[in-house]
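Residue numbers (our numbering), protein chains in the order written: chain V, 1 to 408; chain C, 1001 to 1162. Glycine included, each C-beta is placed from N, C-alpha and C at the ideal position. What follows is a single structure, written as structure tokens, with notes after it.
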Amino acid sequence: MSDYGQTPPLEPAAQDPSAGSTRRMVLNMGPQHPSTHGVLRILLELDGEIITNAQPEIGFLHTGIEKQAEALGWQQVVTLTDRMDYLTNLSNNLAYVLPVERLLGLEIPPKAQWLRVLLCELSRINSHAVWLGTHALDLGAMTVFFYCFREREDILRIFEMFSGQRLMTSYIRIGGVALEPPRGWQKAVGKFIRGLSSKIDEYEDLLTKNPIFLQRTQGVGHLSLERLLDLGVTGPMIRAAGLQWDIRKSEPYSSYEKFDFDVPVFHEGDVYARFRVRVEEMRQSLRIVQQALEGMPEGPWKADAPHVVLPDREKMKTQMEALIYHFKIVTEGFRVPAGDAYVPVESPRGEIGFLAVSDGTSKPLRVFMRTPSFGNLQCLTPLFEGRLIADSIACLGSMDFVLGDVDR
Amino acid sequence: MLADNLKNSTVPAALEAWDPQALLNGVIAHGETTLWVEPSKIAAVCAYLKSEWQFNRLSGVTAIDRFPMEPRFEVVYLLHSIPRNERLKLKAALPGDHPEIESVCGVWEGANWYEREVFDLFGVRFLSHPDLRRIMMPDYWEGHPLRRDFPVHGHKYSYQND
């Protein structure tokens, strides 16, 4: 992040006598710009309406989450992960928890794994709905925004029911989930998913064959698959360029191998293909939620590891041993064996993974957060080059980044 | 030198055969392969793994600060091969005094920002990097926040006596 307000001087372009007087122009887009959905500054170099160079400047939302993590106990770090990508905090929770559980060698009971899958897929629908609403709003279609936020509201109510929080849920914890699922959750989730399919049809009715939307998105923002891979882009952007790669299928975690779903792939690699991939992913997530709801196993919702997981309130009040464990965990935390682990997770934006490094103490030595938005944002410069300013908004929206996730 | 449990894995064995000096050590822990690479040869090793073993993605680059131990820094490269569905962690140990390592931007374009981030937050210099500037912190910032001797809390003028 360089000093804000330092605009490079305007330089006259090489003069072509036949073209009259033209000059290159440098324009600041952001840090406060409605279509960046956060604080991102892009330095645009313009030749008329054509972008000749675009340099993103990030770091405005850098809050030092990785540094904070080194000062907190292992379990407390879960709350920090919520604040990175605030649209899909449950995927972040899961991505942090998995490597720590691998270091601890914990066995997670099936019910907790199913709950994690169910909630992660609900947050994928939530994230894609917010993306779709705001992306369509950027391109001038206002109605979709209201439709999408209607569904988001329903999902947030479900999250609130589970964890008591709408946004910063911190529901997935090391060793299982934070609380016992509330009474009547099946009914709430069931009611939501029964109506969802027709609601996704509504979005598609508004956009998929809408001539204005098609003109703004088709053939815009194309990058070849090789270039995208080289730049480290992951998630729906890669699948819209024709690569069938989804971490839930290739390296399944949290029992994803037991669920039946498809990985949507489109080959055009433009903004429209990214839209199609994400809408199709919402339908597939719906299938997964349905299976998780119907096949939810019975049993405990947290691991049998008294040195890591807090004991039940009832036991803590009546059994000496449980009280000792409770005291130890609350005052000192738990120690994690020395080593490092990295478990990739498919978040709505792409590969998220935490490299958890332990030196054998009750605080992490280092937690590296490999966030999808940071990796995906690197393709901004090649994506913008040679395009109209108006198209840059469509490109920016189709990348689907969250600045909190980029800057951490 | 390879640990016994690595002798049978394809990629480390091939790397050992390709350049015996490049590979210092290796271990499989929790099902994840970690290879310690000679720091001066990191770019060559990455180029070899990308061209011969289809490691077409670089998931990320980061560093670990083991202050006050020496060698202080570990630069970690998270490699991923989609065709082989395989992941590999490369580590290079660097001293606390003037940590420098060759950039891998020439191998994967996407290494650019990750190396800038490590430079910004740890102060590890990447040689022949196309654009080595701070990325998260302002240009005038002093120090490297993710180093272990950089305090977590407090204003920078108030913690000097701690």
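Would you say residue i reaches chain V, if we count a Cβ-Cβ gap shorter than 8 Å as a contact?
i: residue 1028 of chain C; result: no
i: residue 1010 of chain C; result: no
i: residue 1104 of chain C; result: no
i: residue 1146 of chain C; result: yes
i: residue 1113 of chain C; result: yes
i: residue 1007 of chain C; result: no
i: residue 1109 of chain C; result: yes
i: residue 1025 of chain C; result: no
i: residue 1162 of chain C; result: Because residue 1162 of chain C carries a pLDDT of 46, less than 50, the predicted location of this residue cannot be relied on, and the following value inherits that uncertainty. Not one chain V Cβ lies under 8 Å of residue 1162 of chain C.
i: residue 1116 of chain C; result: no
i: residue 1062 of chain C; result: yes
i: residue 1041 of chain C; result: no
i: residue 1078 of chain C; result: yes
i: residue 1152 of chain C; result: yes
Give every residue of the same chain whose Cβ lies closer than 6 Å to the Cβ of residue i, excluding the five residues on either side of it in the sequence, and list them in chain order.
i: residue 1125 of chain C; result: 1100
i: residue 125 of chain V; result: 282, 285
i: residue 387 of chain V; result: 51
i: residue 1161 of chain C; result: At residue 1161 of chain C the pLDDT is 49, less than 50, meaning the model places this residue with poor confidence; the figure from the coordinates comes in the next sentence. Hits under 6 Å: none found.
If you compare alpha carbons, which of the options is closest to residue i?
i: residue 1060 of chain C; options: C/1069, C/1013, C/1046; result: C/1046
i: residue 1112 of chain C; options: V/56, V/303, V/404; result: V/56
i: residue 243 of chain V; options: V/217, V/185, V/171, V/274; result: V/274
i: residue 189 of chain V; options: V/116, V/122, V/170; result: V/122
i: residue 66 of chain V; options: C/1138, C/1117, C/1078; result: C/1117
i: residue 227 of chain V; options: C/1108, C/1103, C/1123, C/1104; result: C/1108
Since residue i is in the alpha helix (DSSP H), which residue starts that stretch and which ends it?
i: residue 194 of chain V; result: 185-207
i: residue 302 of chain V; result: Here residue 302 of chain V belongs to no alpha helix (DSSP H), and DSSP marks it neither H nor E.
i: residue 131 of chain V; result: 110-138
i: residue 225 of chain V; result: 225-230
i: residue 1018 of chain C; result: 1010-1018
i: residue 214 of chain V; result: 211-217
i: residue 289 of chain V; result: 271-294
i: residue 404 of chain V; result: 403-407
Residue i and residue j: beta carbons closer than 8 Å?
i: residue 289 of chain V; j: residue 94 of chain V; result: no
i: residue 351 of chain V; j: residue 235 of chain V; result: yes
i: residue 337 of chain V; j: residue 70 of chain V; result: no
i: residue 88 of chain V; j: residue 127 of chain V; result: yes
i: residue 341 of chain V; j: residue 1032 of chain C; result: yes
i: residue 205 of chain V; j: residue 397 of chain V; result: no
i: residue 362 of chain V; j: residue 339 of chain V; result: no
i: residue 406 of chain V; j: residue 371 of chain V; result: yes
i: residue 1094 of chain C; j: residue 1067 of chain C; result: no
i: residue 112 of chain V; j: residue 317 of chain V; result: no
i: residue 167 of chain V; j: residue 1062 of chain C; result: no
i: residue 148 of chain V; j: residue 133 of chain V; result: yes
i: residue 241 of chain V; j: residue 225 of chain V; result: yes
i: residue 1006 of chain C; j: residue 1065 of chain C; result: no
i: residue 150 of chain V; j: residue 97 of chain V; result: no
i: residue 375 of chain V; j: residue 271 of chain V; result: no
i: residue 1081 of chain C; j: residue 1053 of chain C; result: yes
i: residue 266 of chain V; j: residue 279 of chain V; result: no
Beta-carbon within less than 7 Å of residue i's beta-carbon, same chain only, minus the 5 sequence neighbours each way: which residues are those?
i: residue 311 of chain V; result: 322, 325, 326
i: residue 1098 of chain C; result: none
i: residue 161 of chain V; result: 182, 185, 188
i: residue 251 of chain V; result: 344
Determine the extent of the beta strand (DSSP E) in which residue i is found, giving its start and end residues.
i: residue 342 of chain V; result: 339-347
i: residue 53 of chain V; result: 50-57
i: residue 1080 of chain C; result: 1073-1081
i: residue 1100 of chain C; result: 1100-1102
i: residue 83 of chain V; result: From DSSP, residue 83 of chain V is part of no beta strand (DSSP E); its letter is neither H nor E.
i: residue 1126 of chain C; result: 1125-1127
i: residue 352 of chain V; result: 350-358
Looking at chain C, is there any beta carbon in it that lies within less than 8 Å of the beta carbon of residue i?
i: residue 108 of chain V; result: no
i: residue 37 of chain V; result: no
i: residue 354 of chain V; result: no
i: residue 404 of chain V; result: no
i: residue 399 of chain V; result: no
i: residue 278 of chain V; result: no
i: residue 342 of chain V; result: yes
i: residue 65 of chain V; result: no
i: residue 58 of chain V; result: yes
i: residue 154 of chain V; result: no
What in chain D is Cβ-close to residue i, meaning under 8 Å?
i: residue 1052 of chain C; result: Within the model displayed, chain D is absent; protein chains V and C are what it includes.
CB-CB under 8 Å to residue i, same chain, minus the five flanking residues each way: which ones, in chain order?
i: residue 92 of chain V; result: 81, 82, 84, 85, 347, 352
i: residue 403 of chain V; result: 36, 37, 38, 39, 40, 58, 60, 61, 373
i: residue 156 of chain V; result: 126, 166, 167
i: residue 378 of chain V; result: 231, 232, 233
i: residue 193 of chain V; result: 286, 289, 290, 293
i: residue 367 of chain V; result: 66, 69, 70, 77, 96, 354, 355, 356, 357
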